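Following: one structure in structure tokens, then a few remarks.
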């Protein structure tokens, strides 16, 4: 296809995309268009009205200047002069399906003003003693152009279709399409009617080809179009006519199946929506309220979207544009669509902050090691072997908290009358941003794994880097635990490995199943899937000599 052919199709599509409205056409001219274009094989009708919407005061935000300029440039006709666009599509027969589009303006069209991008593939020819622009390419779908009704109606169609419509005596067609048009009329801003029964064989072919690409649990919904024999859609902004969708099922059985599938689809969508929202776990009461709001709004919207049934027919009626109901529905829907992304963004920000906290603590660990030639022990101990204050307290000088550090009595336990008064001074580095624990409890989710052969072995012994013979990048030194396992930050209590319950307190539920760990080299890792038990134990031990895969 050459450049002119492609541009012609694109420009024609742009012209037809002015799905807007006008009141300036008499009823007899509407019937004339219908009588002219609708053939016995017509299965689809689209009626569009550009002019009225483009001049409607309530729709002044539409880019009518751009539409006018494009119309003038390519067709010599501003968009606000196009009163009615009426298009039909035929059921495919032996040859590709034919189409026709009538574009009615408030003044005469002039072929001389058509741009080469639109009409460069045509030449002037005669049909019934009337001059028209005939397609000269080998592509039979490329449009020709013919003028009617004192040149105010531009007929755009393949040459074969124009010859079929103009070259023969026009006879009024009676089929399901004309019946739908007669019942509805052509006064909507946008109106679409489809005879699904006529194209059912092609629906089956298309659905069969598409079904293999659809997840198995959703394949049943591909049958929905085959249960219907007709569809109508109308949209109105510039008048008070009803906007909505109506479909008619093939029979009573198909109507029940259609209704059942719609309800199942609504329930599955709500379940999937709830599951997706639940992934953004938060113990924050405001965010939990937001989740409850989203679920409520989505339930209301889904219920409002269910059709009204009348025998074999189903109707969806849209609220009038600009009405209170429309504005509220739009606002609620917009909020319900945007808020999950906001929640997810906040969750991502909290996770990033948590990772930074753990990195900060590990840097402090290494600074401590540089000063004392060893990491801090699990705790400092009394003379009788009782742990007194957590390693977290001993990191304070390396977290720019030396003043706080100097206030502790290191010969007293963490909950002594004096040391208890310092609990409420917990540095932010120990605070997990996603935790739902009240800040007044001063608990931390950043714990050291404690066990024999670990970086923290639960004794007064301080481990040096050279003691980590498996490599600091292969040894876990710190974990982020669930809220249920969080501890008061000064308390010499951490996460103790239990061979029978190796993942106790490590569900990662603070971040949708993602667990954050810090390695002895100071790096952090986010683990989205539970580490295999044997590998997990290998990563916790510092000197077992076991192989650690590069990816885990």
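Numbering (mature numbering (1 follows the signal peptide of the UniProt record, and there is no 0)), first residue to last: -22 to -1, 1 to 530. By construction, the Cβ of each residue, glycine as well, lies at the ideal position given by its N, Cα and C atoms. Because the structure is a prediction, the values reported are computed rather than measured.
With which residues is residue i paired in a DSSP beta bridge?
i           : result
residue 291 : 226, 288
residue 420 : DSSP lists no partner for residue 420.
residue 112 : 101
residue 474 : 428
residue 158 : Answer by DSSP bridge pairing: none, since residue 158 is not bridged.
residue 126 : 131
residue 503 : 495
residue 456 : 496
residue 82  : 62, 131
residue 247 : Paired residue(s): none; residue 247 is not in a bridge.
residue 466 : 421
residue 296 : 221
residue 77  : 67
Is residue i helix, strand or coil by DSSP?
i           : result
residue 442 : coil
residue 240 : helix
residue -19 : Because the pLDDT of residue -19 is 39, which lies under 50, any placement of that residue in the model is unreliable, and the question is left without a value.
residue 385 : coil
residue 62  : strand
residue 9   : Only weak support exists for where residue 9 lies, its pLDDT of 40 falling under 50; the value from the coordinates is given anyway. Residue state, collapsed to three classes: helix.
residue 69  : coil
residue 190 : coil
residue 365 : strand
residue 329 : helix
residue 20  : strand
residue 4   : At residue 4, the pLDDT of 34 sits below 50, so the modelled position is not reliable and the matter cannot be decided from this model.
residue 302 : Residue confidence for residue 302 is low, a pLDDT of 49 falling below 50, so the modelled location carries little weight and cannot support an answer.
residue 485 : coil
residue 221 : strand
residue 433 : coil
residue 182 : helix
residue 89  : helix
Starting from residue i, trace the beta strand (DSSP E) in both directions and tell me its first and last residue.
i           : result
residue 494 : 493 to 497
residue 135 : 131 to 135
residue 53  : Where residue 53 is concerned, there is no enclosing beta strand (DSSP E), although the alpha helix (DSSP H) it sits in stretches over 42 to 53.
residue 117 : Unbroken run through residue 117: none, as it is neither H nor E.
residue 358 : 357 to 359
The alpha helix (DSSP H) that contains residue i, what's its start and end?
i           : result
residue 210 : No alpha helix (DSSP H) holds residue 210; the beta strand (DSSP E) holding it covers 206 to 213.
residue 171 : Residue 171 -> not in any alpha helix (DSSP H); beta strand (DSSP E) instead, spanning 168 to 172.
residue 274 : 263 to 283
residue 517 : 511 to 518
residue 106 : Taken as a continuous stretch (DSSP letters only), residue 106 belongs to no alpha helix (DSSP H), as it is neither H nor E.
residue 397 : 395 to 398
Going by Cα to Cα distance, which pick from the options is closest to residue i?
i           : options            : result
residue 489 : 498, 478, 460, 514 : 460
residue 90  : 52, 79, 57         : 52
residue 24  : 454, 75, 80, 43    : 80
residue 205 : 232, 183, 187      : 232
residue 350 : 337, 362, 363, 373 : 373
residue 274 : 136, 249, 293, 67  : 249
residue 235 : 220, 253, 292      : 292
residue 483 : 225, 424, 418      : 424
residue 59  : 13, 229, 280, 132  : 132
residue 119 : 77, 103, 98        : 77
residue 57  : 35, 68, 171, 31    : 31
residue 158 : 171, 151, 167, 166 : 171
residue 98  : 526, 113, 183, 87  : 113
residue 502 : 451, 472, 515      : 451
residue 394 : 470, 279, 455, 198 : 470
Less than 9 Å between the beta carbons of residue i and residue j, yes or no?
i           : j           : result
residue 433 : residue 458 : no
residue 408 : residue 358 : no
residue 438 : residue 327 : no
residue 376 : residue 346 : yes
residue 344 : residue 500 : yes
residue 426 : residue 369 : yes
residue 202 : residue 240 : yes
residue 15  : residue 65  : yes
residue 492 : residue 329 : yes
residue 382 : residue 400 : yes
residue 468 : residue 386 : yes
residue 122 : residue 108 : no
residue 22  : residue 166 : no
residue 11  : residue 216 : no
residue 431 : residue 520 : yes
residue 20  : residue 69  : yes
residue 110 : residue 140 : yes
residue 560 : residue 333 : Within the shown structure, residues of the chain are numbered from -22 to 530, placing residue 560 beyond reach of any answer.
residue 13  : residue 61  : no
Does the ligand COA have even one heavy atom less than 8 Å from the beta-carbon of residue i?
i           : result
residue 527 : In the structure shown, the ligand COA is absent, as is every other ligand, since no ligand is present at all.
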